[in-house]
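Scroll down for the structure; my scribbles are underneath it.
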Amino acid sequence: MQAIHQSVLLAEVVDFLAPVDGGVYVDCNLGLGGHTEGILAQCGPSGRVIGFDWDASALALARQRLAPFGDRVHFVHQNFASVRESLMEIGVQGIDGLLLDLGLSSLQLDDSGRGFSFKGSEPLDMRMDERIGLTAAELINRASEDDLADIFYYYGEERQARRIAAWIVEERKKDVIATTDQLVDIVYHAVPRRFHPKKIHVATKVFQALRIAVNRELENLKKVLEDGAALLKPGAKFCVISFHSLEDRMVKQAFRDNSSLRVLTAKPVLPGAEECQRNPRARSAKLRVAQAEGC
Ligand SMILES: C[S@@+](CC[C@H](N)C(=O)[O-])C[C@H]1O[C@@H](n2cnc3c(N)ncnc32)[C@H](O)[C@@H]1O
């Protein structure tokens, strides 16, 4: 059965964006189109959304779901890091709101067969956009021990990074590391039992780190935070939902350091208990919102 993705902090995002008739909104992470549907349902009949996703299968599902809105949605199969260039190409200069809902959809995590989850046995791919370069398997089998350790340490905040990298280098001498269960097994044995975390799977941070590296997630985020802010009309809101501390820190700093933005959320908005119970994936979500000055 196809996984259903539940949009996180949907009501809060729509409240902050307060979409109006005639407004133009950018959804940088269209996914299955849940947030876009909420925005379009709220604004009048001439409000529009320009939706980005670099995953062709997500985009195809969003097209189906959003078909009732006709040409009020413009689909862009691109990395959101190119938001400025892509909007220029379609002749849009200023926007009334922008949303980032970072990370993966449930569909990618559970059903894509691309190795995002450590629960089964899938090829170690991890590319959200199948047009981009290196797969996770290529990275794992080719990168130096130091580079692997840095990836796990900086992108996964994994304290056992050096041990895991050393173990990988030994194991790949014997056989190519091609699947998620091979990698899980390596991490499991590389980390001494006394350091196995209690609340999360021992391979969680390594998987997060690899995904960030393969998809260049932090570079893309840096670019969209800069370029997205420059596209906002006076008074327009910039909403970002992030799912781990590396992203949240970048968002907080980018909003604070941008003199054209006013931060509306001194503390991030978190999902309530009811939402976390209904959708456990919402638990780590944090929403930060800033508003373009000048209105
Ligand atoms: C958490 S899901 C979005 C869910 C969506 N807001 C909804 O309500 O259905 C994140 C989506 O962003 C996409 N994505 C992640 N990084 C991207 C990037 N740099 N450029 C374009 N799309 C990206 C992923 O492919 C995924 O479909």
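Taking our numbering, the leading residue of the sequence shown gets 1, the next gets one more, and so forth.
Glycine included, every Cβ here is placed at the ideal spot set by N, Cα and C.
| Check | Outcome |
| --- | --- |
| Within a Cβ cutoff of 6 Å, which residues of the same chain sit near N215, ignoring the five residues on either side of it in sequence? | M128 |
| Where R283 and F16 are concerned, what is the direct C-alpha to C-alpha distance, given to the nearest angstrom? | 20 Å |
| Going residue by residue through the segment 16–93, where are the continuous beta strand (DSSP E) segments of at least 3 residues, counting only ones entirely within it? | 24–27, 48–52 and 73–76 |
| Given 7 Å as the limit, tell me if S105 has its C-beta closer than that to any heavy atom belonging to ligand 1. | yes |
| Give the list of continuous alpha helix (DSSP H) stretches no shorter than 4 residues that lie fully inside the segment 148–184. | 161–174 |
| Taking 7 Å as the cut-off, does the CB of G70 come closer than this to any heavy atom belonging to ligand 1? | no |
| If you scan the segment 96–141 from start to end, which runs of the beta strand (DSSP E) of 3 or more residues do you find wholly inside it? | none |
| If L298 sits next to C239, beta carbons under 8 Å apart, how far is it from one beta carbon to the other, in whole angstroms? | Because the chain is modelled from 1 through 295, residue 298 falls outside the range shown and cannot be assessed. |
| By alpha-carbon positions, which one of Q277, A290 and L246 ends up nearest to A266? | A290 |
| Taking DSSP as the reference, what is the three-state secondary structure of P280? | helix |
| Beta carbon of N220: closer than 7 Å to some heavy atom of ligand 1? | yes |
| Are the beta-carbon atoms belonging to A62 and H77 less than 8 Å from one another? | no |
| Which of the three DSSP states, helix, strand or coil, is assigned to K198? | coil |
| Taking DSSP as the reference, what is the three-state secondary structure of L287? | strand |
| For N79, is the beta carbon positioned less than 7 Å from some heavy atom of ligand 1? | yes |
| Would V73 and V92 qualify as a contact pair, given that the criterion is a beta-carbon distance under 8 Å? | no |
| Less than 8 Å between the beta carbons of V191 and V184, yes or no? | no |
| Assuming A292 contacts A209 (C-beta within less than 8 Å), just tell me the rounded distance between them. | The pair is not a contact, with the Cβ atoms about 34 Å apart (cut-off 8 Å). |
| For the 8 Å Cβ check, are there 3 or more pairs between the segment 220–228 and the segment 137–151? | no |
| Is it buried or exposed for D125, if we count other Cβ within 10 angstroms and need 16 for buried? | buried |
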